[in-house]
Each structure stands twice: as C-alpha cells, then as structure tokens.
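Data first, discussion second: the structure below is written as structure tokens.
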Amino acid sequence: MNLKKIKIISTIGIFLLSFLTHYLYKWFPNDLFAIFFPVNESIWEHMKMLFTTVLLYSIIEYFLLHYFKIKHHNFFWSIWITATLSIIIYLTLYMPFYYLLGNNKIIIFSVLIITIILIQLISYYILNSKNIKLNYLPIILIIISYIIFGYLTYYPPKNELFFDFNEEKYGINNYNI
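Sequential numbering of the sequence shown, starting at 62, is according to this note's numbering.
In structure tokens form, the structure reads like this:
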C-alpha cells in the first residue's frame, strides 16, 4: 500500500461517506449536529457537509497512513486546506451549471466526484511536500471554520446560496420566509 492507493481509496470513501453525512442531522436533530451536518437543502449547507465529510474521512485516512507506515508530512494542513478548497472548487464548478440548468442530481454528483478527485490530488501533493511549520495551526483554523458554520447555520445571510427552496427557508429556523 502506498500514498497513491490511499488517496484512491479516500476518493471513494469521501464520496460514499457524503451520503451518510447528508442525513445525519435529519436522523439525529440536535444543536451539535446542526454545526457539522446540513440542516436543510440549501447549497451552503451542503458545503458544510462536504467540509465535514473530508474531516471525518481524514480520521480513517490517518489510521491507514499509520497502519501501512506510509511516510507523509503536513497531515493537519492537508485536512484543512483540502476541506476548505472543496467548498471553493465545488461552488466554482457547480454554480454556473446551477444557474443554467437548475438543481440537477447528475450535475451535483458529477461535480462532487470531480471536487473530491481534485482535493485528493492536492492532498497527495501536500502530504508529499516538505514539512510546513506550525503544523497544529490548522486545528485552530478548523475550529474557527466550524464557529463560522455554526453562526451561518443559525444566522444565514438572506442570499440564494443559503436558501432552501424545498422548505422555503434560510438556515435552521422553523419559520418560512
């Protein structure tokens, strides 16, 4: 087993895990899960799902890297950078299709797979790079990211990105807009 194979496995694992994380809040609705998992069907809440899925799968990847004794560097940087870039890449690829064709499941899943492949390539590069200083700074950045996610879940801006067209509401609120 080598890093390249781990990244291929991770691509599949993140894709499959995203289906589970999509429904976790619906199955176990509570304030803690609201911070980590989508509370509605808005585009933004799905970015939170993608970020969390990358982080959750990194736990599995950590154990795989150590079990197979695969040399790597910058693990925490890789997690934060790829989780953050997953949002940027997904939105950059998805939004033009969304505005042209609307909400299309084939496009959603295609863009998701492309995004996961791209972030795994980036992660591969980061894990093979020389050590980046301050390797624990990404943990603080992840915490800050979730503070932002939590805030935006409870106080979303009145923007199309945050609007759930199925429920006709923003964020976690129980009232319709």
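Here a beta-carbon is modelled for each residue, glycine too, at the ideal position from N, C-alpha and C.
Is residue i near residue j, with beta carbons less than 9 Å apart?
i, j, result
"I150", "L179", "yes"
"L111", "A144", "yes"
"F129", "N63", "yes"
"S190", "N135", "yes"
"I187", "S139", "yes"
"L117", "L78", "yes"
Which same chain residues, not among the five before or five after residue i, have their C-beta less than 6 Å away from its C-beta?
i, result
"W141", "P199, L202 and I203"
"F158", "I168"
"F89", "none"
"T82", "F98, M110, T113 and T114"
Grab the span of the alpha helix (DSSP H) containing residue i for me, first residue to last.
i, result
"P218", "P218 -> no alpha helix (DSSP H), and no H or E assigned at all."
"I193", "Neither: I193 is in no alpha helix (DSSP H) and is coded neither H nor E."
"F241", "Nothing in the structure corresponds to residue 241, since the chain is present only between 62 and 238."
"E228", "E228 -> no alpha helix (DSSP H), and no H or E assigned at all."
"V100", "First-last for V100: undefined, no H or E at that position."
"K239", "Residue numbering for the chain in the displayed model covers 62 to 238; residue 239 lies beyond these limits and cannot be assessed."
"F223", "Premise fails: F223 is in no alpha helix (DSSP H) and is neither H nor E."
"Y159", "F136 to L162"
Taking the alpha-carbon of residue i as reference, which of the options has the nearest alpha-carbon?
i, options, result
"K66", "I233, E122, I148 and I193", "E122"
"M108", "N135, I69, I120 and L154", "L154"
"L98", "M156, L85 and I175", "For clarity, residue 98 is Phe in the given sequence; the question names Leu instead. It is L85."
"N227", "P217, T214 and N101", "N101"
"S206", "K191, L146, L188 and I183", "L146"
"L152", "E221, I183, T82 and F80", "E221"
"G211", "G163, V115, L162 and N91", "N91"
Under 7 Å Cβ to Cβ from residue i, same chain only, skipping five residues before and after it: list those, please.
i, result
"I238", "Bear in mind that a pLDDT of 47 at I238, under 50, signals an unreliable position, so the number given afterwards is only what the model happens to contain. The answer, listed in chain order, is E229, K230 and Y231."
"L126", "I67 and H133"
"Q181", "K68, S71 and T72"
"F224", "S103 and Y231"
"T214", "A95, I96, V100, G232 and I233"
"K219", "Y231"
By Cβ distance below 8 Å, which residues in the same chain neighbour residue i in space, the five residues on each side in sequence not counted?
i, result
"K166", "none"
"F76", "L173, I174 and I177"
"Y185", "L64, K65 and K68"
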